[in-house]
Amino acid sequence: MPMTSKKKRDLLRKVGLFAEMTERSLTAIASKAVDIDFDAGQYVVRQGQVGTGFYLITGGRAKVVRGGQVLHRLGPGDFFGELSVLDQLPRMAHVITEEPTTCLALASWDFSKLLEENPKITISLLREVARRLREATDSHRH
7 MPMTSKKKRD
17 LLRKVGLFAE
27 MTERSLTAIA
37 SKAVDIDFDA
47 GQYVVRQGQV
57 GTGFYLITGG
67 RAKVVRGGQV
77 LHRLGPGDFF
87 GELSVLDQLP
97 RMAHVITEEP
107 TTCLALASWD
117 FSKLLEENPK
127 ITISLLREVA
137 RRLREATDSH
147 RH
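Here the sequence shown is numbered in the numbering used here, starting from 7 and rising by one per residue.
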């Protein structure tokens with residue numbers, strides 16, 4: 007059964023990326039976001055494909071895999087797909103569910119508009135991308 011707009015808003019509000027948004031903005035995002043259920047072992051995104059969406063995990067678990075190596079595990083509140091949406095280049099890794107998982111998905115054009123209209127979200131996203139880049143860089147130094 008699809009999530010209600012209120013349920014989507016409540017889930018978005020709990021994620022740091024969207025925490026400072028107004029109720030009106032959360033409602034706008036919730037109206038565009040689609041909830042998608044994935045079975046265990048299902049690919050959410052595939053490495054090498056150009057991304058058309060941004061995903062936020064609302065339930066379940068998934069793993070980020072590149073070259074057969076698990077790079078990271080994701081759970082509720084974690085998001086992915088932002089880089090491919092931003093630069094329109096192929097995805098850098100697979101994301102595969104480890105158990106039944108639900109995501110809120112935003113199409114790339116809706117996500118881009120959201121960033122243009124909400125500088126606080128854009129800054130928050132940039133901070134998260136920078137954090138991930140530093141983490142990846144630091145892990146290769148050791």
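Built from N, CA and C at the ideal position, the CB exists for glycine as well.
Nearest chain E C-beta to residue 120 closer than 7 Å, yes or no? Among the chains of the structure shown, chain E does not appear; only one protein chain is present.
So is residue 87 buried or exposed if we call it buried at 16+ other beta carbons inside 10 Å? For residue 87, the number of other beta carbons within 10 angstroms of its own is at least 16, and it is reported as buried.
Where the beta strand (DSSP E) through residue 33 begins and ends: Taken as a continuous stretch (DSSP letters only), residue 33 belongs to no beta strand (DSSP E), being part of the alpha helix (DSSP H) at 29-38.
Look at the Cβ atom of residue 65, then the Cβ atom of residue 108, and state whether they are nearer than 7 Å. yes
For residue 111, which three-state DSSP category applies? strand
Check residue 95 in the structure and name its three-state DSSP category. Assigned with DSSP and collapsed to three states, residue 95 falls in coil, not helix or strand.
Identify the residues that DSSP records as bridge partners of residue 48: which are they? None, per the DSSP bridge assignment.
Look at the Cβ atom of residue 60, then the Cβ atom of residue 91, and state whether they are nearer than 7 Å. yes
Which residues does DSSP list as the beta-bridge partners of residue 23? Bridge partners of residue 23: none, in fact.
Return the bridge partner residues of residue 53 from the DSSP annotation. Residue 53 is not bridged to any residue.
Helix, strand or coil for residue 84? Go by DSSP, reduced to three states. coil
Look up residue 103 in the DSSP assignment and say whether it is helix, strand or coil. Shown here, residue 103 sits in a strand according to DSSP, grouped into three states.
Determine which residues share a DSSP beta bridge with residue 65 and list them. 108
Might you give, ordered along the chain, the residues of its own chain that have their beta carbon closer than 7 Å to the beta carbon of residue 126, omitting 5 neighbours on each side? So the list reads 26, once near-sequence residues are dropped.
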